[in-house]
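Before any comments, here is the structure.
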Amino acid sequence: MTTSIPQQRSVVLGVGAYLPAKTLTNEELAKLVDTSDEWIVQRTGIKERHIAADGETTSMLGEKAARAALANAGVSAGDIDLIVVGTSTPDWTFPSTATQIQAALGITHGVAFDLQAVCSGFVFALATAEKFLRSGSHKRALVIGAETFSRIIDWSDRTTCVLFGDGAGAMILEAQPSQGGREERGVLTTHLRSDGRHRAKLYVDGGPSATQTVGHLRMEGKEVFRFAVGQVTDVVKDAFAATGLTANDLDWFVPHQANRRIIDMSAQKLGIAPEKIIATVHLHGNTSAASVPLALAAAAADGRIKQGDLVMLEAVGGGFTWGSALIRW
Ligand code: UT7
């Protein structure tokens, strides 16, 4: 007879989100560049995005999302010993946005660091935190995706400026003993990928070492679209293979919120029923690393995602990077 040894599993205690107060509608954008509400809605599903106020930085958005997640979890900031922030738009070149949020929350113990995987940032941060918790090195993690892409957008380029927005989302994870069963709560499996050959398809044309400037986002939209629909589903299939679960077992599919067409086509390719899709892209556009936790927080707040539900997260971003996380909520 074998005795199963309890493992540590990362259980979601709460989620939270924050969007800046100022909105920018498609109609307002049409006054800035040659575009229309009809074109943007038809090609992307986006209706409006939120723009950070002057002086409102990524760490400020992240702190607000973190406080909402802490309240939702019923956990105080002092109980957090690990902070991982996914962002490509840090307040400063250094120190990290994570340490700024750590200080703003009054946390002086544990560790905080940033992780850069562009739009996959939250899924990468979640996968990283989950491995820390599972190792036993840390007990309670605050995982954040926070961005101010409005600061790196070329506002004269209609092919990119209509797509992005600012925002932040956060999740509290706690290490809890588990027998390893698929019905037990927590992160069941994560799968991360990257392929650096695709840099030219989605990048920022500035940086401290290359140009000593911040730079602007540049993108070959069609190429990114093709990759996002064609390739990215492999990490979702990896999650199914690792757990023996299938698309039919899922309660919710929470993909990166970049484009409604990409979301729908990915779900269709994976055999995920349309009613299982969580989509909030119409409300905030592509907020990069913040997009998945923004969608999660919305669906948890309105009661769609409930304890015990099986939730698949998926994201793709510059690099390319892409990843999945399968969670028993
Ligand atoms: O997190 C990952 C980040 N990126 C993405 O997820 C983006 C992935 N790509 C996409 O979502 C789509 O490729 C876009 C939404 C960016 C573009 O949609 P599309 O169906 O691939 O359009 P297109 O690039 O083929 O452009 C079609 C036409 C072009 O005109 P012509 O050459 O056919 O005359 C564009 O110049 O639409 C024109 N166009 C616009 N028209 C009005 C491009 N941007 C706009 C615009 N308003 N904002």
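In case it helps, our numbering puts the sequence shown at residues 482 to 810.
The beta-carbon is built from N, C-alpha and C at its ideal position, and this holds for glycine as well.
Per DSSP, what are the beta-bridge partners of residue i in this structure?
i	result
L673	G804
A736	Sequence check: residue 736 is Pro here, not Ala. DSSP output for P736 lists E795 as bridge partner(s).
R621	E655
Q489	P658
T629	D647
K503	I532
E563	Residue identity differs from the one stated: residue 563 is Leu in this sequence, not Glu. For L563, which the question treats as bridged, DSSP gives the partners V592 and A622.
N767	F645
G495	I653
R809	G667 and L791
I582	None; I582 has no bridge partner.
I758	F734
Taking buried to mean at least 16 other C-beta atoms within 10 Å of its own C-beta, is residue i buried or exposed?
i	result
D647	buried
R680	exposed
Q788	exposed
S517	exposed
M482	A caution first: M482 carries a pLDDT of 48, below 50, which makes its placement in the model unreliable, though a value can still be read off. It is exposed - the Cβ of M482 has fewer than 16 other Cβ atoms within 10 Å.
E611	buried
A550	buried
T714	buried
W733	buried
W573	exposed
S637	exposed
N767	buried
N729	exposed
F708	buried
G555	exposed
E508	exposed
V492	buried
Could you give the first and the last residue of the continuous beta strand (DSSP E) run that contains residue i?
i	result
S659	D647 to S659
H697	Unbroken run through H697: none, as it is neither H nor E.
L726	No beta strand (DSSP E) holds L726; DSSP gives it neither H nor E.
V685	L683 to V685
Suppose contacts are defined by Cβ-Cβ distances below 8 angstroms. Is residue i in contact with residue j by that definition?
i	j	result
A771	G650	yes
S769	G798	yes
F645	T802	no
V692	F630	Correcting the residue identity first, residue 692 is Thr in this sequence and not Val. Result no, Cβ atoms of T692 and F630 do not sit closer than 8 angstroms.
V566	G587	no
A796	C642	no
G804	V716	yes
R699	I653	no
H763	K503	no
T640	G688	no
D562	S577	no
A760	I744	yes
A627	T694	no
A534	G497	no
R666	R785	no
L513	I564	no
G800	G602	no
Q488	S618	no
L510	H531	no
L794	V773	yes
H737	I634	no
L731	I758	no
R490	V668	yes
A723	L673	no
E655	L494	yes
L751	H765	no
L806	T589	The sequence shown places Ala at residue 806, rather than the Leu named in the question. No, Cβ-Cβ distance for A806 and T589 is not below 8 angstroms.
R741	G559	no
I'd like the span of the alpha helix (DSSP H) that includes residue i, first residue to last.
i	result
R741	R741 to L751
F575	Counting along the chain, F575 falls outside any alpha helix (DSSP H), and DSSP gives it neither H nor E.
E544	T539 to A554
S772	S772 to A782
G680	Correcting the residue type first, residue 680 is Arg in the shown sequence and not Gly. Element bounds for R680: n/a, residue is neither H nor E.
Q523	D518 to T525
G702	G702 to G711
E611	G602 to S616
Check whether the Cβ of residue i sits closer than 7 angstroms to any heavy atom of the ligand FMN, and report yes or no.
i	result
K703	You won't find the ligand FMN in this model; what it holds is the ligand UT7.
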